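Trainee: Residue numbers (the working numbering): 74 to 434.
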């Protein structure tokens, strides 16, 4: 995992398995735990080789070997990346200073043509991804350069990505998932059209403002930072829960370990150390009528043994009983087939303890 920071941007690049791909061929679902890798790999495509004719050779004849099979394959990496705190209304170069570069590589013995496109995960053919993220409403917010690539045998090239999200109130406090897709046209050497996709998780800037049309359920702000308390100190933070559904809803609050119990998958969600025990408390159930907004108070208690300057994170998920029941069934049975992504929203909590004199480490 590579963690990259700017004042307005945090990019995390996680090394995941091919199961992190957005294509159905490479991914059963967001909760299957495959072997880890740092790229999405196309399945090897081997051309058919005709069996040699059966002949009776003279004792002195030399058998003619069958032609060697060609090794085919493409890789796309990283399989998943997380971009946080993206400002609205400006073009953000995620690849600035080579922070996030998608590497595509041709492992075949022949030159090929590749097209890079941005997609909604649904259009890319995936139904499941990290909980709390919704499909990007407009894939054209992403710009990939170059988008048409020719790769020679064993060739490789980096692809850069920029993001521009319109400055609209409903785009703040959002978590989107997009797919960066590498498409190969019909090619006789591969036998069929192939596509590989990597997930890009996008979190827009948090704003303490509610906006209609921003999703069925909203938790505002999407990120709560605590950076003014010393080890052992207490405080409080507020967040808003809004129900934009046409019916009343009873929401339940869960921490990340209760939603995703596997440590190897939890790192896909956080950009710092995940706390073993909660350092906050609040009510855990909330009833909201249609278009109702409730204020939730989080009581903060920084651990007495917290290391000054070391960031810690946790995620709070809010959803109804049906959504969490679906998540629980998936966690218990990897073959459980969901009909859709569970509708939950999340809030990122982050604390960095400060020294008593306020000096930074």
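Each residue gets a CB set at the ideal place from its N, CA and C atoms; glycine is no exception. Bear in mind that the values here come from a model prediction, so they are computed numbers and not experimental data.
If contact is defined by three or more beta carbon pairs under 8 angstroms, each pair taking one atom from either stretch, is the stretch 224-236 in contact with the stretch 168-185?
Mentor: As far as the Cβ criterion goes, the stretch 168-185 touches the stretch 224-236, which means the pair count is three or higher.
Trainee: Note the first and the last residue of the continuous beta strand (DSSP E) segment covering residue 156.
Mentor: Here residue 156 corresponds to residue number 83 of the chain shown, with the count starting at 1. Run containing residue 156: 153-159, per the beta strand (DSSP E) assignment.
Trainee: Return the residue from the list 298, 365 and 240 that minimises the CA-CA distance to residue 427.
Mentor: By one-based count along the chain shown, residue 427 stands at place 354. When each option's Cα is compared against that of residue 427, the closest is 298.
Trainee: Looking at residue 302 and residue 185, is the spacing between their C-beta atoms short of 8 angstroms?
Mentor: On the chain shown, residue 185 is found 112 positions in, with the first residue counted as 1. On the chain shown, residue 302 is found 229 positions in, with the first residue counted as 1. No, Cβ-Cβ distance for residue 185 and residue 302 is not below 8 angstroms.
Trainee: Under 6 angstroms Cβ to Cβ from residue 379, same chain only, skipping five residues before and after it: list those, please.
Mentor: Walking along the chain shown from the start, residue 379 turns up at place 306. Here the set comprises 304 and 426.
Trainee: Suppose only complete runs of 3+ residues qualify. What are the beta strand (DSSP E) ranges in the stretch 173-209, listed by chain order?
Mentor: You should have 174-179 and 185-192.
Trainee: So for residue 303, helix, strand or coil by DSSP?
Mentor: Taking the chain shown and counting its residues from 1, one reaches residue 303 at position 230. Three-state result, residue 303: coil.
Trainee: Quick one: give me the first and last residue of the beta strand (DSSP E) that residue 233 is part of.
Mentor: Position 160 of the chain shown, counted from the first residue, corresponds to residue 233. That run of the beta strand (DSSP E) goes 229-237.
Trainee: Kindly list the residues whose CB is nearer than 7 angstroms to the CB of residue 376, restricted to its own chain and excluding five residues on each side of it in sequence; keep chain order.
Mentor: As a position in the chain shown, residue 376 is number 303, starting the count at 1. Same-chain partners within the cutoff: 304 and 352.
Trainee: Output the distance between the C-alpha atoms of residue 207 and residue 414, rounded to the nearest integer angstrom.
Mentor: On the chain shown, position 134 is the one that residue 207 refers to. On the chain shown, position 341 is the one that residue 414 refers to. Approximately 9 angstroms, taken between the alpha carbons.
Trainee: Under 8 angstroms, do residue 167 and residue 156 count as touching if we go by C-beta distance?
Mentor: Sequence index remark: in the chain shown, residue 167 carries index 94 (1-based). Sequence index remark: in the chain shown, residue 156 carries index 83 (1-based). Cβ atoms of residue 167 and residue 156: closer than 8 angstroms.
Trainee: Per DSSP, which one or two residues make a beta bridge with residue 256?
Mentor: Taking the chain shown and counting its residues from 1, the one referred to as residue 256 is at position 183. 188 and 268.
Trainee: For the putative contact between residue 244 and residue 277, defined by C-beta atoms under 8 angstroms, what is the C-beta separation to the nearest angstrom?
Mentor: Position 171 of the chain shown holds residue 244. Position 204 of the chain shown holds residue 277. With 8 angstroms as the limit, residue 244 and residue 277 qualify as a contact, their Cβ atoms being about 6 angstroms apart.
Trainee: Take the Cβ of residue 323 as the centre, count every other Cβ of all protein chains shown within 10 Å, and call the residue buried at 16 or more, exposed below.
Mentor: Locating residue 323 in the chain shown gives position 250, counting from the first residue. So residue 323 ends up on the exposed side.
Trainee: Do you know how far the Cα of residue 218 is from the Cα of residue 260?
Mentor: The residue labelled residue 260 in the question sits at position 187 within the chain shown. The residue labelled residue 218 in the question sits at position 145 within the chain shown. For residue 260, the pLDDT reaches just 45, beneath the cut-off of 50, and the residue's location in the model is therefore unreliable, leaving the point undetermined.
Trainee: Identify the continuous alpha helix (DSSP H) that holds residue 332 and give its terminal residues.
Mentor: Residue mapping note: residue 332 aligns to position 259 of the chain shown, counting from 1. Counting along the chain, the alpha helix (DSSP H) containing residue 332 begins and ends at 329-332.
Trainee: Can you confirm whether the stretch 386-395 touches the stretch 324-337 when touching is taken to mean that 3 or more C-beta pairs between the two stretches lie within less than 8 angstroms?
Mentor: Touching, yes, given that three or more Cβ pairs across the two stretches are closer than 8 angstroms.
Trainee: Do you know offhand how far residue 374's Cα is from residue 383's?
Mentor: For this step, residue 374 is matched to residue 301 along the chain shown. For this step, residue 383 is matched to residue 310 along the chain shown. Answer to the nearest angstrom: the Cα atoms are 16 angstroms apart.
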